[in-house]
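In our numbering, the protein residues as written are 3 to 137.
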């Protein structure tokens with residue numbers, strides 16, 4: 003995340019030039035007619051964490067796997083002095099690890115047997131799933 007705040011200073015290194023990035027060029031073309039200040043991006047599909055400074059904007063991205071997932075931001079250059087910090091912690095990743103539990107395997111034959119053993123016309127229980135839906 004890029005923190006935009008009261009101008010406590012930012013740590014942004016300018017390293018130019020960057021290799022040509024066709025996907026970023028496509029994005030630039032697509033957002034040209036749009037009035038924007040900050041754009042959040044998902045599926046950035048880049049690994050690592052980096053801040054790149056271009057002539058019109060600052061591009062921040064973070065990803066763990068090359069070619070999959072990842073997130074990023076485009077921030078207009080005039081907001082540079084408002085950026086106070088970057089934090090690459092993704093709460094969704096933390097939750098996955100906390101609530102990770104194994105789902106038991108259930109065979110199709112077990113499901114069919116359970117459905118057939120139910121009384122026909124039975125009213126749905128707490129799960130609100132009727133026999134008709136299961137069949």
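Note that CB positions come from ideal geometry on N, CA and C, so glycine has one too.
No experiment lies behind these values; they were computed from the predicted model shown.
- Helix, strand or coil: which one does DSSP assign to residue 118? For the purposes of this step, residue 118 is identified with residue 116 of the chain shown, where counting begins at 1. Looking at residue 118 - three-state DSSP - the assignment turns out to be helix.
Residue 62 bridges to which residues according to DSSP? Residue numbering aside, residue 62 sits at position 60 when the chain shown is read from its first letter. Note: residue 62 sits in a beta bridge opposite 53 and 75.
Sequence-distant residues of the same chain with beta carbon closer than 8 Å to residue 67, five excluded per side
Locating residue 67 in the chain shown gives position 65, counting from the first residue. Excluding residues within five positions, the ones whose Cβ falls inside 8 Å are 49.
task = Whole angstroms is fine: what's the gap from residue 47's alpha carbon to residue 75's?
result = Numbered from 1 along the chain shown, position 45 holds the residue referred to as residue 47. Numbered from 1 along the chain shown, position 73 holds the residue referred to as residue 75. Between the C-alpha atoms of residue 47 and residue 75 there is a straight-line separation of about 13 Å.
| task | Measure the alpha-carbon distance for residue 73 versus residue 54 and round it to whole angstroms. | result | Taking the chain shown and counting its residues from 1, one reaches residue 73 at position 71. Taking the chain shown and counting its residues from 1, one reaches residue 54 at position 52. Each residue's alpha carbon lies about 14 Å from the other.
For this session: Tell me whether residue 36 sits in a helix, a strand or coil according to DSSP, three-state version.
Result: Position 34 of the chain shown holds residue 36. The answer is coil: DSSP assigns residue 36 none of H, G, I, E or B.
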